[in-house]
C-alpha cells in the first residue's frame, strides 16, 4: 500500500488537453467496436480447436462459459475503475491508486504478456490463415519462412522465421502511429465483417452438426475416475492426468480459451481518448463482453459438432475453421475462402487493439517515471506515442518471427489472468480506502462477486499447468530486476514522497 498515486493527481491528468496529451475522439460505439475487435480473433478461430483437441472435447462450450464467468466478474471491476479513473493505463493505473507502486509495477509488467506477447500470438495465427488462403489459389509460403526455428514440419523441414507474422506487426504498428481515430475507423469496418462471418458459420454450419461428434460431451479422464474411486492419489493425478479431458479438462480448456476473451480490458486502456469515459467505458467493456460470449458458445458448439475434436490435434490443427468447412460442409467451399479472408481481417483488428493497449500502458508508466520518457513522447502531428509503438514493433516482431504460437498464447493467458486477479482485489481495496470518490458505475455484490471473480481466474491459472507458472515467475523476476535498477530511482511518486518528508 506504500507509494500510492493520489486520485486527485490521476483525475488532473485525465482532464489535461493540448500538446503532449492524447486526443479524445472515441464514443461509446467506438469503444464497443474496439472491445469486440480485440475479443473476436485468434482465441475463437485458433484456441477453440486447441482446447477441444487437448483438454475438453465438445465440452469446450462449458470451458467458454467458465472463462466468461471469470472475465465477466473481472469486467464488472474494470468497469467501476474505468468510470472512476478515466485515464490511460488500464489495470496498471487502477492498482497504482489502490495497492501502491510495487503492485502497479507488477501489473504493468504483467500486461506486457497480455498485449505485446498477445499481439505476437495473433500475428502467428494470422500467418497460418494467410497460408491457408494462398493454398486455395495453388500458392504457399515455404514452411521455413512461415514458422519459428522451434517448429518442424511432418516432413522434417525446420522453420527459420515467420515472415508473414512479422509483416502484419510492422504494418499495423505504422497504422497506429498515424492516429487513434483512424485506427478505430479501420477497426470498426473489420468488426462488422468478422461478426457477420461468425454468424454465417453458426447459421450455415448448424445443419451439418453430427450428434456423434458430441458424444460423449465430456470425454473420459481415466486418471480422474481412478482418483475419485480412491485408486490414485491426488498428487499423482494432478501431475499426470489433470486437464486431459474430464472435469479438469473443462478447467484447463477454460484457461486456454480464456485467450479468446482477452481484449475487453483493452477498452479501458483507451479511457484517456474517450469523449465521455465515465459513461462510455462501462458500456464498452460490458456490452462487448456479453456479445462475444454468446457468439463463442454457439460457435464452439457448431465447430465441434461439424468436425470431431480429435481431428483438431492433427490434420485440422492449423486453420481449423477452414478445415471443418472444406471437409464436412460440401458446397460451401466459397465460405471457407470468405471466412479465411474475414479471419485475416479479424486478426488484424485484434493485433491493432493489443498494440494500442500496450503503448498506452507504457505511456502511463512513463508519465510516472517507472519506464523511460521515450515511451510517453507524443508525435507533434498525430498525437500518438509513436516512439513507444516503434519499440514494441521490434519487441513483438521478434516474438512473432521466432517463437511458436502455442507457447506465447499460454504465456498471454496466465499473465492476463494474474492481472485480473489483482483488479478484482483492487476494487475491494478501493471501496475501503476511497469510499466517497464518485463512481458512475459500481460493481454489484461487493465484496462477494469480486472474490468469486478472483477465485475463478486463479482456477484457470492452475489449469494452465506448471510450465506456464514457471514462465510467469521468470518473467516477473526479470521485471523486478528492471524495477529496482531503474524505476525506484526515477519514480515521480517516490520523489514527491521524499520532498514531503524533508
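Residue numbers (this note's numbering): -1 to 500. Virtual Cβ for every residue (Gly too), placed ideally from N, Cα, C. Values in this document were obtained by computation on a predicted structure and should not be read as measured data.
Proximal residues to residue i (C-beta, below 8 Å), its chain only, five neighbours per side dropped
| i | result |
| --- | --- |
| residue 285 | 30 and 33 |
| residue 174 | 181, 350, 353, 354, 357, 382 and 387 |
| residue 231 | 225 |
| residue 440 | 78 |
| residue 467 | 412 and 459 |
| residue 287 | 33, 37, 66, 69, 70, 73, 259 and 262 |
| residue 436 | 82 |
Limits of the unbroken alpha helix (DSSP H) element including residue i
| i | result |
| --- | --- |
| residue 162 | 161 to 176 |
| residue 365 | 331 to 365 |
| residue 467 | 464 to 480 |
| residue 235 | 232 to 238 |
| residue 448 | 446 to 461 |
| residue 115 | 99 to 133 |
| residue 76 | 58 to 82 |
| residue 222 | 220 to 226 |
| residue 384 | 384 to 400 |
For residue j and residue i, the rounded distance between their alpha carbons
| i | j | result |
| --- | --- | --- |
| residue 361 | residue 305 | 45 Å |
| residue 289 | residue 192 | 13 Å |
| residue 73 | residue 400 | 33 Å |
| residue 57 | residue 302 | 9 Å |
| residue 319 | residue 43 | 7 Å |
| residue 282 | residue 140 | 41 Å |
| residue 102 | residue 92 | 8 Å |
| residue 48 | residue 104 | 29 Å |
| residue 89 | residue 480 | 20 Å |
| residue 458 | residue 222 | 18 Å |
| residue 333 | residue 201 | 12 Å |
| residue 330 | residue 142 | 31 Å |
| residue 408 | residue 359 | 21 Å |
| residue -1 | residue 390 | Below a pLDDT of 50, predicted positions are generally treated as unreliable, and residue -1, at 49, falls in that range; the measurement from the model is reported next regardless. If I take the Cα positions, the gap works out to 30 Å. |
| residue 124 | residue 342 | 6 Å |
| residue 46 | residue 450 | 25 Å |
| residue 132 | residue 429 | 54 Å |
| residue 420 | residue 410 | 16 Å |
| residue 336 | residue 120 | 19 Å |
| residue 254 | residue 462 | 7 Å |
| residue 438 | residue 340 | 37 Å |
Cβ neighbours of residue i in the same chain (closer than 7 Å, five flanking residues each side left out)
| i | result |
| --- | --- |
| residue 219 | 239, 242, 243, 244, 246 and 247 |
| residue 158 | 142, 143 and 147 |
| residue 299 | 59 |
| residue 206 | 304, 326 and 327 |
Whole-number beta carbon distance between residue j and residue i, since they are thought to touch under 8 Å
| i | j | result |
| --- | --- | --- |
| residue 425 | residue 448 | 5 Å |
| residue 117 | residue 167 | 7 Å |
| residue 395 | residue 164 | 5 Å |
Residue environment, residue i, which counts as buried when at least 16 other CB atoms sit within 10 Å
| i | result |
| --- | --- |
| residue 2 | buried |
| residue 162 | buried |
| residue 471 | exposed |
| residue 108 | buried |
| residue 434 | exposed |
| residue 156 | exposed |
| residue 52 | buried |
| residue 76 | buried |
| residue 28 | buried |
| residue 215 | exposed |
Close-in-space but distant-in-sequence residues of the same chain around residue i (CB under 6 Å, 5 per side omitted)
| i | result |
| --- | --- |
| residue 488 | 367 |
| residue 54 | 61, 247, 248 and 251 |
| residue 323 | 330, 333 and 334 |
| residue 113 | 352, 355 and 356 |
| residue 130 | 317, 320 and 338 |
| residue 150 | 156 |
Residue i beta carbon near the ligand ATP (any heavy atom closer than 6 Å)
| i | result |
| --- | --- |
| residue 394 | This structure lacks the ligand ATP; in fact it carries no ligand of any kind. |
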